[in-house]
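Following: one structure in structure tokens, then a few remarks.
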Amino acid sequence: GENVEQHPSTLSVQEGDSAVIKCTYSDSASNYFPWYKQELGKGPQLIIDIRSNVGEKKDQRIAVTLNKTAKHFSLHITETQPEDSAVYFCAATANTGGFKTIFGAGTRLFVKA
Amino acid sequence: DARVTQTPRHKVTEMGQEVTMRCQPILGHNTVFWYRQTMMQGLELLAYFRNRAPLDDSGMPKDRFSAEMPDATLATLKIQPSEPRDSAVYFCASGRDLKTDTQYFGPGTRLTVL
Chain A
418 GENVEQHPST LSVQEGDSAV IKCTYSDSAS NYFPWYKQEL GKGPQLIIDI RSNVGEKKDQ
478 RIAVTLNKTA KHFSLHITET QPEDSAVYFC AATANTGGFK TIFGAGTRLF VKA
Chain B
34 DARVTQTPRH KVTEMGQEVT MRCQPILGHN TVFWYRQTMM QGLELLAYFR NRAPLDDSGM
94 PKDRFSAEMP DATLATLKIQ PSEPRDSAVY FCASGRDLKT DTQYFGPGTR LTVL
């Protein structure tokens with residue numbers, strides 16, 4: 418079946434360093450790629466998203482890149498802060514004749530002060 | 034600050050009992066999604082609605098799970114009878130429409146079935 422692979426499962430960085438999380442999807446019909454941040458005891462919150470007609474998108478310290486040919490997309494967080502510590506999920510959505518979102522398994526990010 | 038609300042936040046019940054989880058989507062949103070999150074399976078889409086009509090519930094065990102939207106401000110997910118393997122966090126999310134895709138998640142209901 419369709420799936421989304423996410424790496425790494427755990428990432429530990431020093432405050433101020435950059436963090437990169439990578440995802441690969443299998444459904445070539447996927448055209449929307451959101452990233453969610455989930456803090457302990459809370460629901461996932463959208464932090465950035467990208468659509469298939471765009472290669473890169475940036476919002477302050479967060480950026481996402483998409484390579485449709487390779488079916489890869491990545492989240493980049495620069496100048497990490499302790500409050501960035503959370504679990505991050507990528508997702509791939511196919512919205513053609515139906516609706517299907519598949520989430521990656523998540524990356525637990527630790528930012529050490 | 035509009036938010037998706039879910040009740041109860043926590044539920045502990047015994048195997049065989051009926052469980053009802055409720056969700057209030059953001060006002061004006063016409064799509065509602067139900068997800069289940071476990072350590073083993075991650076986030077799984079159970080069902081989703083558009084304009085209160087169920088569009089797809091293929092992710093849901095049909096024999097025990099049911100999802101409804103009695104009105105535009107309330108979505109329910111019922112499990113009857115509940116089993117220990119149903120223990121998970123259940124999230125509701127809402128969106129403006131399927132084409133814009135952005136989903137806004139509620140805080141979840143943590144269900145424990147003993």
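Chains as they are written, first to last, in my numbering: chain A, 418 to 530; chain B, 34 to 147.
Glycine included, each C-beta is placed from N, C-alpha and C at the ideal position.
Bear in mind that the values here come from a model prediction, so they are computed numbers and not experimental data.
Kindly list, in the order they appear in chain B, the residues whose Cβ is closer than 8 Å to that of residue i.
i	result
A/T441	Per Cβ cutoff of 8 Å: no residues; A/T441 is ~15 Å from chain B at best.
A/K459	P140 and G141
A/D466	D134 and T135
A/V420	Residue 420 of chain A is actually Asn in this sequence, not Val. Those do not exist, as A/N420 stays about 10 Å from chain B at its closest Cβ, beyond 8 Å.
A/F527	Simply none; closest approach about 18 Å.
Just reading off the beta strand (DSSP E) that residue i is part of, what are its end residues?
i	result
A/A508	A503 to A511
B/K111	L107 to I112
B/T135	Run containing B/T135: none; DSSP gives neither H nor E here.
B/I59	Looking at the DSSP string, B/I59 is not in any beta strand (DSSP E), and its letter there is neither H nor E.
B/A35	Element bounds for B/A35: n/a, residue is neither H nor E.
If we count the other Cβ atoms within 10 Å of its Cβ and call it buried at 16 or more, is residue i buried or exposed?
i	result
A/L526	buried
A/P451	buried
B/S115	buried
B/A121	buried
B/P58	buried
A/Q462	exposed
B/A108	buried
B/V45	exposed
Secondary structure at residue i, three-state DSSP: helix, strand or coil?
i	result
A/E432	coil
Given that residue i touches chain A, what residues does it touch there, using C-beta distances under 7 Å?
i	result
B/L78	T518
### Task
Take every Cβ of the region 93-110 of chain B, pair it with every Cβ of the region 53-73 of chain B, and state whether three or more of those distances are shorter than 8 Å.
Touching, per the Cβ criterion.
#### Entry: Three-pair Cβ contact test at 8 Å for the region 494-509 of chain A versus the region 428-444 of chain A
The region 494-509 of chain A and the region 428-444 of chain A touch, with no fewer than 3 CB-CB distances between them shorter than 8 Å.
### Query
Can you find at least 3 beta carbon pairs, one from the region 129-144 of chain B and one from the region 505-523 of chain A, that sit closer than 8 Å?
These segments touch.
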